[in-house]
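Since the structure comes first, as structure tokens, the remarks are kept for the end.
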Amino acid sequence: MPKLTVEGVGEFEVPKGKRLVLALTDEAGVDQLHACGGNSRCTTCRVEFISGEPDRMTAAEKQTLQARDLTDARLSCQIMCDHDMSVRATSRLEGSGRADAGHVPTEEMQPQPVEWVEK
Numbered sequence: 001m002p003k004l005t006v007e008g009v010g011e012f013e014v015p016k017g018k019r020l021v022l023a024l025t026d027e028a029g030v031d032q033l034h035a036c037g038g039n040s041r042c043t044t045c046r047v048e049f050i051s052g053e054p055d056r057m058t059a060a061e062k063q064t065l066q067a068r069d070l071t072d073a074r075l076s077c078q079i080m081c082d083h084d085m086s087v088r089a090t091s092r093l094e095g096s097g098r099a100d101a102g103h104v105p106t107e108e109m110q111p112q113p114v115e116w117v118e119k
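With the first letter of the sequence shown counted as 1, position 17 gets the number 17 in the UniProt record's numbering; the numbers rise by one all the way through.
Below you can see the structure in the form of structure tokens.
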């Protein structure tokens with residue numbers, strides 16, 4: 001099982017292939033935002049990598065990050081936990097002013113990754 005380290009929270013074993021956004025909420029208990037339900041539209045599920053950042057990303061994630069001019073962030077809804085990684089959860093419900101974290105993302109990545117690109 002891959003190990004997920006969340007800065008200031010702890011280390012957690014995560015089922016291989018689980019979406020990072022779900023691992024943050026389920027295993028780590030982080031109040032991670034995911035306003036669009038994990039569909040690579042809103043960027044509220046942003047994280048910063050400390051180590052273990054994947055070299056590839058979905059074309060949807062790349063387009064969303066470029067549209068918002070985000071260069072130091074990744075979308076946790078578009079990353080699968082298939083290796084050890086360490087992240088900083090930067091987009092959380094606490095202090096956001098939102099009523100809730102958003103629609104619960106599905107177990108399968110959405111949109112379905114048609115193309116993987118270099119980050």
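C-beta atoms are modelled at their ideal positions from N, C-alpha and C, and glycine is treated no differently.
L75 is positioned such that its CB atom lies no closer than 8 Å to that of E53.
The three-state secondary structure of Q110, taken from DSSP, is coil. For K3, the uninterrupted beta strand (DSSP E) run begins and ends at K3 to V6, by DSSP.
Going by DSSP, A60 is part of the alpha helix (DSSP H) stretching over A59 to A67. Within the model, the alpha-carbon separation for L4 versus F49 is close to 11 Å. From the listed residues C36, E11 and S40, the smallest Cα separation to P111 is found for S40.
The shortest CA-to-CA distance from S91 to any of V47, Q63, D84 and R56 is the one to V47.
Under the three-state reduction of DSSP output, S91 falls in the coil class, being neither helix nor strand. Exposure of G95 is indicated by the presence of fewer than 16 other C-beta atoms within 10 angstroms of its C-beta. Take the alpha-carbon of C81 and the one of C45: they are about 15 Å apart. Here C81 carries a strand assignment [DSSP, helix/strand/coil].
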